[in-house]
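Number of protein chains: 2
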Amino acid sequence: MHYKISEFAEVTGLSKETLRYYDDIGLLEPAYVDPNSHYRFYDDGSYFLATLLVKLRTFGCTIQEMKQIMDDQSFENLETLLLEKREEINKEIKQLTDKRDELDEFLKDGKDEG
Amino acid sequence: MHYKISEFAEVTGLSKETLRYYDDIGLLEPAYVDPNSHYRFYDDGSYFLATLLVKLRTFGCTIQEMKQIMDDQSFENLETLLLEKREEINKEIKQLTDKRDELDEFLKDGKDEG
DNA sequence: ATAAACCTTAGAGTGCACTATAGAGTCAAT
DNA sequence: ATTGACTCTATAGTGCACTCTAAGGTTTAT
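Have a look at this one:
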């Protein structure tokens with residue numbers, strides 16, 4: 001299957017603008033670019049990579065991190081990066097629970113005074 | 001006690017630039033502004049408000065929300081807003097734990113295949 | 001052949017909350 | 001009076017990841 005940009009945007013959930021942007025920065029290049037029209041065409045390999053990117057994005061990976069993953073085609077660093085992301089998520093959860101505790105403390109103090 | 005901007009920045013932990021910015025947007029105005037030099041001066045009332053803003057900021061309040069708090073001098077909406085923020089924090093925690101679960105799922109699938 | 005619906009590029013704009021810069025005025029101490 | 005350390009304003013820049021716009025070229029259906 002090969003897709004024009006709008007079709008590919010629809011199936012991947014990435015916007016056309018994002019797809020052009022990902023091409024510009026070398027994160028996800030189309031499978032084929034027509035040399036005359038410069039139209040971008042995507043295929044099933046692109047689809048696999050795009051869905052991976054969508055996943056990584058939800059896991060909180062930055063563009064730079066995703067580039068590192070994509071630049072090594074063996075995906076050797078993928079698990080390492082994901083374990084790091086897992087740690088980051090744990091830290092964020094701890095920060096939020098701490099913040100909630102502090103907020104509760106603040107609310108309690110307000111009640112004591114009022 | 002009345003403070004010039006640098007002194008006030010030091011005691012509150014807000015930068016001078018942030019204090020000017022908060023003045024510009026009407027979030028925290030100095031207690032007094034010299035009409036000739038336009039120097040800003042802050043006092044103990046400013047200090048109380050500034051420390052409140054610092055707290056609210058750590059709780060994830062936006063500038064707009066802080067403005068709403070500051071615009072009603074009775075602080076009637078403070079508790080309501082903080083309870084809303086508490087709910088937001090809870091939602092964020094849930095989103096993060098969900099994300100972590102999804103990440104674990106993804107890691108497990110990778111292991112199954114590899 | 002023509003019109004609608006697509007696609008292209010370069011560059012500017014978005015949101016948030018600042019942060020930095022330049023050029024100029026002011027204050028405190030000597 | 002001069003120096004140095006402060007302050008002021010207006011405006012531009014930051015970071016991140018897009019998102020939008022304008023002006024134009026291409027493809028598809030009729």
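From first to last, the protein sequence lines are chains S and W.
Note that the first sequence covers residues 1 to 114 in UniProt numbering.
Note that the second sequence covers residues 1 to 114 in UniProt numbering.
We put the beta carbon where it would ideally sit given N, CA and C, even for glycine.
Buried/exposed call for residue i, threshold 16 Cβ in 10 Å
i: Y42(S); result: buried
i: residue 130(W); result: Outside the shown range of chain W, which is 1 to 114, sits residue 130(W), and nothing can be said about it.
i: T97(S); result: exposed
i: F75(W); result: exposed
Coarse secondary structure for residue i, derived from DSSP in three states
i: Y39(S); result: coil
Backbone CA spacing between residue i and residue j [nearest angstrom]
i: E29(W); j: T58(W); result: 20 Å
i: L49(W); j: E87(W); result: 24 Å
i: H2(S); j: E92(S); result: 40 Å
i: D23(S); j: E84(W); result: 40 Å
i: H38(W); j: T51(W); result: 24 Å
i: D109(S); j: L82(W); result: 13 Å
i: S46(S); j: E65(S); result: 18 Å
i: S15(S); j: Q68(W); result: 35 Å
i: N77(W); j: D71(W); result: 10 Å
Nearest to residue i (by Cα), restricted to the options the options
i: L19(W); options: V11(W), A31(W) and I5(W); result: I5(W)
i: F106(W); options: Q68(S), T80(S), F8(S) and L107(S); result: T80(S)
beta-carbon residue i near the ligand GDP non-hydrogen atom, thresh 8 Å
i: D71(S); result: Ligands in the displayed structure: none, and consequently the ligand GDP is not present.
**Residues within the segment 76 to 87 of chain W neighbouring chain S, beta-carbon criterion of under 8 Å** = L78, E79, L82, L83, K85 and R86
**Prompt:** Any residues in the segment 42 to 76 of chain S with a beta carbon nearer than 7 Å to a beta carbon of chain W? Which ones, in chain order?
**Reply:** K55, T58 and F59
**Asked** Of all the residues that make up the segment 99 to 112 of chain S, which are near chain W by a beta-carbon distance shorter than 8 Å?
**Response** K99, R100, E102, L103, D104, F106, L107 and G110
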